[in-house]
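Chain order of the listed sequences is A and B.
Per the numbering used here, the first sequence starts with residue 1, numbered consecutively.
Per the numbering used here, the second sequence starts with residue 227, numbered consecutively.
Backbone N, C-alpha and C define an ideal beta-carbon position, used for all residues, glycine too.
Here the structure comes first, spelled out in structure tokens, and everything after it is commentary.
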Amino acid sequence: MSWLFDNFELVSRLAGNHVALSIAPIILGFSIALPLGWIANRWLPFRSWIIAGGSFLYTIPSLPLFVILPYILGTRITDERNIIVALTIYAVAILIRTVADALAAVPTSAIEASRAIGYSSWNRFWKVEFPLAGPVLLAGLRVVSASTIALVSVGAIIGSANLGYLFTNGKQRDFLEEILIGIGASFLIALVFDVVLVLMGRVLMPWSRRKSLLENARKMRIAQGA
Amino acid sequence: MQFFLDALRWLLDSANYAVGSVSPLPIQARIGEHLWYTGVSVAIATIIALPLGLYIGHTGRGRQFVISFTGAMRALPTLGLLMALFLIVGATVPFTQAAFVASIIALVILAIPSILAGGYAGVESVDPHTVDSGRAMGMTGLQILLRIEIPLSLPLIIAGIRAATLQVIATTVIASYISLGGLGTIISSGIGLNDNDRILGGAILVTALALAVDGVLAILQRLVTRRGSTEPRQHTQNVRRRSAGSPTVAELTADEGKKYVRSKK
Numbered sequence: 001m002s003w004l005f006d007n008f009e010l011v012s013r014l015a016g017n018h019v020a021l022s023i024a025p026i027i028l029g030f031s032i033a034l035p036l037g038w039i040a041n042r043w044l045p046f047r048s049w050i051i052a053g054g055s056f057l058y059t060i061p062s063l064p065l066f067v068i069l070p071y072i073l074g075t076r077i078t079d080e081r082n083i084i085v086a087l088t089i090y091a092v093a094i095l096i097r098t099v100a101d102a103l104a105a106v107p108t109s110a111i112e113a114s115r116a117i118g119y120s121s122w123n124r125f126w127k128v129e130f131p132l133a134g135p136v137l138l139a140g141l142r143v144v145s146a147s148t149i150a151l152v153s154v155g156a157i158i159g160s161a162n163l164g165y166l167f168t169n170g171k172q173r174d175f176l177e178e179i180l181i182g183i184g185a186s187f188l189i190a191l192v193f194d195v196v197l198v199l200m201g202r203v204l205m206p207w208s209r210r211k212s213l214l215e216n217a218r219k220m221r222i223a224q225g226a
Numbered sequence: 227m228q229f230f231l232d233a234l235r236w237l238l239d240s241a242n243y244a245v246g247s248v249s250p251l252p253i254q255a256r257i258g259e260h261l262w263y264t265g266v267s268v269a270i271a272t273i274i275a276l277p278l279g280l281y282i283g284h285t286g287r288g289r290q291f292v293i294s295f296t297g298a299m300r301a302l303p304t305l306g307l308l309m310a311l312f313l314i315v316g317a318t319v320p321f322t323q324a325a326f327v328a329s330i331i332a333l334v335i336l337a338i339p340s341i342l343a344g345g346y347a348g349v350e351s352v353d354p355h356t357v358d359s360g361r362a363m364g365m366t367g368l369q370i371l372l373r374i375e376i377p378l379s380l381p382l383i384i385a386g387i388r389a390a391t392l393q394v395i396a397t398t399v400i401a402s403y404i405s406l407g408g409l410g411t412i413i414s415s416g417i418g419l420n421d422n423d424r425i426l427g428g429a430i431l432v433t434a435l436a437l438a439v440d441g442v443l444a445i446l447q448r449l450v451t452r453r454g455s456t457e458p459r460q461h462t463q464n465v466r467r468r469s470a471g472s473p474t475v476a477e478l479t480a481d482e483g484k485k486y487v488r489s490k491k
């Protein structure tokens with residue numbers, strides 16, 4: 001642990017960059033996946049194409065994607081924009097399906113009711129469909145947040161100064177403690193992100209919490225055989 | 227575009243397939259290694275995780291464990307896991323085997339969550355009425371598991387193995403940095419030599435391999451899907467079943483969300 005205190009400045013700088021590299025793909029990925037998922041849900045012919053496209057992108061392994069992108073984007077191989085673009089692609093790949101499924105699960109009765117009282121499709125999306133799809137979207141975002149933070153460290157191989165540097169450097173110096181501190185710090189960031197997302201969900205969707213509490217109580221009763 | 231044409235030319239150059247050429251060539255040897263590491267790791271992980279997942283799905287005990295375990299494992303940085311295991315294993319195992327042993331352990335650890343979740347989600351998604359009819363016919367718990375639950379949940383079990391396999395193929399690439407063989411060595415040596423053809427050629431090879439293996443497993447998944455099993459499109463009750471394609475990583479991992487949707491109905 002003394003290593004951590006001696007190198008606290010380094011670790012916090014790496015962690016800061018790690019956070020920055022993680023936030024951008026999560027936000028960008030969500031912003032891109034939302035309209036795509038909406039299109040997939042709205043026009044069925046597009047659905048299988050969009051979802052298949054997402055699965056295809058998800059199949060590309062991370063390191064190869066990191067090294068292919070510079071040739072497509074014209075960036076240098078060590079440019080951190082490659083990492084952001086690559087992780088955004090994965091985020092979109094995961095979230096497209098979540099968005100499409102979440103919107104498909106919105107009760108038809110709610111959509112029809114909103115149509116009946118005269119909502120335009122824009123308003124219907126933002127005031128009815130999006131909030132009702134919220135809890136599923138949140139679950140998808142939590143998945144994306146955890147896997148993005150874990151994947152950022154692979155970028156250290158191509159020279160990005162994030163927590164992954166502690167892994168490559170610790171391996172070179174045969175110094176386990178440094179690697180374990182990196183893993184711990186990465187976990188901690190993922191945990192903080194997750195807590196923030198859950199809290200955001202509670203604030204923005206106060207109804208879902210009450211519902212899940214009720215649901216839990218119901219499950220408990222079933223489990224107890226009552 | 228020129229880079230890609232050059233990389234393709236490199237991939238088609240027969241000299242790169244010549245037996246006995248300098249490491250990381252010949253290419254086919256690296257493909258073979260990659261598939262071998264993947265197969266071994268996924269097999270070990272399946273032996274460990276599948277029975278556990280089936281047990282949890284069958285009894286319903288430990289559901290919360292599966293959900294929080296798979297969630298937490300998603301946040302585990304693969305590179306850190308590989309490097310840490312390399313140092314830990316290297317302290318006890320001879321250097322020549324350390325990379326292999328450490329990598330396989332890491333790959334198994336990374337493959338377990340998806341397979342566990344697949345087995346659990348598969349059994350849990352079987353229509354309770356079907357299970358009840360089995361019980362009414364006098365089947366024992368084991369018979370219900372072997373004759374009803376496992377056959378009907380095969381598509382999701384394979385979906386879990388498929389997700390795990392993708393994860394393992396991707397992580398094996400990174401394992402070249404702890405001197406494991408496989409296609410990653412082509413990319414890493416390319417980065418070291420600043421050789422664009424190798425970097426891109428290697429990356430294209432890995433991507434093609436991942437797509438091919440994923441395609442084979444997708445076909446397998448379709449083959450084991452039968453009437454009554456949790457095939458997408460056949461039911462309309464929950465999110466998974468509304469999906470047009472076959473279950474994938476994204477779907478298996480969005481488990482928590484689905485729980486919510488299902489509970490609403």
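Residues of chain A with CB closer than 7 Å to the CB of B:D440, please, in chain order. For B:D440, the chain A residues whose Cβ falls inside 7 Å of its Cβ are T59, in order along the chain.
Could you check the C-alpha separation between A:I72 and A:R115 for me, to the nearest Å? C-alpha separation (whole angstroms): 44 Å.
Could you spell out the range, first to last residue, of the alpha helix (DSSP H) harbouring A:I189? Going by DSSP, A:I189 is part of the alpha helix (DSSP H) stretching over 176-204.
Quick one: what's got a C-beta closer than 6 Å to B:W236's C-beta in the same chain, skipping five residues either side? For B:W236, where only same-chain residues beyond five positions count, the Cβ hits under 6 Å are D423, G427.
Rounded separation between A:A40 and B:A390 - CA only: Spanning the two alpha carbons is a distance of roughly 26 Å.
Under 9 Å between C-beta atoms of B:I314 and B:A328: In this structure, B:A328 lies closer than 9 Å to B:I314 by Cβ.
Contact list for the segment 309-331 of chain B against chain A, Cβ threshold 9 Å: Answer set for the segment 309-331 of chain B: M309, A310, F312, L313, I314, G316, A317.
Going by the beta-carbon positions, is the gap between A:N17 and A:S160 smaller than 9 Å? For A:N17 and A:S160, yes; Cβs fall inside 9 Å.
B:Q460 classed as buried or exposed, judged by whether at least 16 other C-beta atoms fall within 10 angstroms: Summary for B:Q460: the model assigns pLDDT 35, below 50, so the residue's position carries little reliability; its value from the coordinates is reported in the next sentence. By the beta-carbon neighbour count (other beta carbons within 10 angstroms, threshold 16), B:Q460 is exposed.
Whole beta strand (DSSP E) elements within the segment 120-154 of chain A, 3-residue minimum: Fully enclosed beta strand (DSSP E) runs of 3 or longer: not present.
Is B:A390 close to chain A, meaning its C-beta is less than 9 Å from at least one C-beta of that chain? So no, B:A390 is outside the interface.
Residues of its chain near B:L234, where Cβ-Cβ distance is below 6 Å and the 5 sequence neighbours each way are ignored: Residues of the same chain with a CB within less than 6 Å of the CB of B:L234, apart from the 5 flanking positions on each side, do not exist.
Determine the burial state of A:A190: buried for a count of at least 16 other Cβ atoms within 10 Å of its Cβ, exposed for fewer. Burial check for A:A190: the Cβ neighbour count within 10 Å reaches 16 or more, so the residue is buried.
Counting only runs that start and end within the segment 374-425 of chain B, where is the alpha helix (DSSP H) found for 4 or more residues in a row? The qualifying runs are 376-400, 410-419.
Where does A:A161 sit, in a helix, a strand or coil, going by DSSP? DSSP, reduced to helix, strand and coil, places A:A161 outside both helices and strands of the structure shown, so it counts as coil.
Contact set between B:V352 and chain A, taken where Cβ atoms lie within less than 7 Å: Under the 7 Å cutoff, chain A gives no residues; its nearest Cβ is about 17 Å from B:V352.
Who are the near neighbours of A:R228 in its chain, counting only those whose CB is closer than 6 Å to its CB and skipping five residues on each side? Nothing can be reported for residue 228 of chain A, as the shown portion of chain A is limited to 1 through 226.
Reducing DSSP to helix, strand and coil, say where B:R256 ends up. B:R256 falls in the helix class under three-state DSSP.
Could you tell me the boundaries of the alpha helix (DSSP H) in which A:L35 lies? The question names Leu, but residue 35 of chain A is Pro in the sequence shown. If you look at A:P35, you'll find it in the alpha helix (DSSP H) that goes 8-42.
Start and end of the alpha helix (DSSP H) containing B:G348? B:G348 -> alpha helix (DSSP H) spans 321-350.
Please list, in chain order, all residues of the same chain as A:I51 whose beta carbon is under 7 Å from its beta carbon, the five residues on each side excluded. Taking A:I51 as the centre and dropping the five residues before and after it, the same chain places the C-beta of A40, I96, R97, A100 closer than 7 Å to its C-beta, in chain order.
At a Cβ cut of 8 Å, what residues of the segment 60-84 of chain A count as close to chain B, listed as they run along the chain? Listed by position, the residues of the segment 60-84 of chain A near chain B (Cβ gap below 8 Å) are I60, P61, S62, L63, P64, L65, V67, I68, Y71, I77.
The alpha helix (DSSP H) that contains B:M227, what's its start and end? For B:M227, no alpha helix (DSSP H) run applies, since DSSP gives it neither H nor E.
Chain B partners of A:L287, CB-CB under 7 Å? Lying before the first or after the last residue shown, residue 287 of chain A is absent from chain A, which here runs from 1 to 226.
Shortest alpha-carbon distance to A:V67 belongs to which of B:A255, B:V399, B:I376? Out of B:A255, B:V399, B:I376, the CA that lies nearest to the CA of A:V67 is found in B:V399.
CB contact below 9 Å: A:A110 versus chain B: Not closer than 9 Å to any Cβ of chain B, the Cβ of A:A110 fails to qualify, so no.
Which of the three DSSP states, helix, strand or coil, is assigned to B:A301? DSSP, reduced to helix, strand and coil, places B:A301 outside both helices and strands of the structure shown, so it counts as coil.
Burial state of B:G418 (16 or more Cβ within 10 Å): Result: exposed.
Under 8 Å between beta-carbons, which chain B residues line up against A:K171? List them in chain order, please. Contact annotation for A:K171 against chain B: M309, F312, L313, Y403, I404 [CB-CB distance below 8 Å, chain order].
Quick check: B:P250 and B:Y243, are their CB atoms within less than 9 Å of each other? Not closer than 9 Å, so no.
For B:P354, which three-state DSSP category applies? Three-state DSSP puts B:P354 in a helix.
Report the rounded CA-to-CA distance for B:N420 versus B:Q323, giving the unit in angstroms. Distance between the alpha carbons of B:N420 and B:Q323: 28 Å.
Identify which residue in A:P61, A:A133, A:L57 has its Cα closest to the Cα of B:L431. Residue A:P61 is the option with its Cα nearest to B:L431.
Nearest residue (CA-CA) to B:F230, options B:A385, B:V439, B:A429: For the residues B:A385, B:V439, B:A429, the minimum Cα distance to B:F230 belongs to B:A429.
Give me the Cα-Cα distance between B:T264 and B:I395, rounded to the nearest whole angstrom. In this model, B:T264 and B:I395 are separated by some 6 Å (Cα to Cα).
Inter-residue spacing [alpha-carbon to alpha-carbon] between A:Y103 and A:P135: It should be pointed out that residue 103 of chain A corresponds to Leu in this sequence rather than to Tyr. Cα to Cα, A:L103 sits roughly 11 Å from A:P135.
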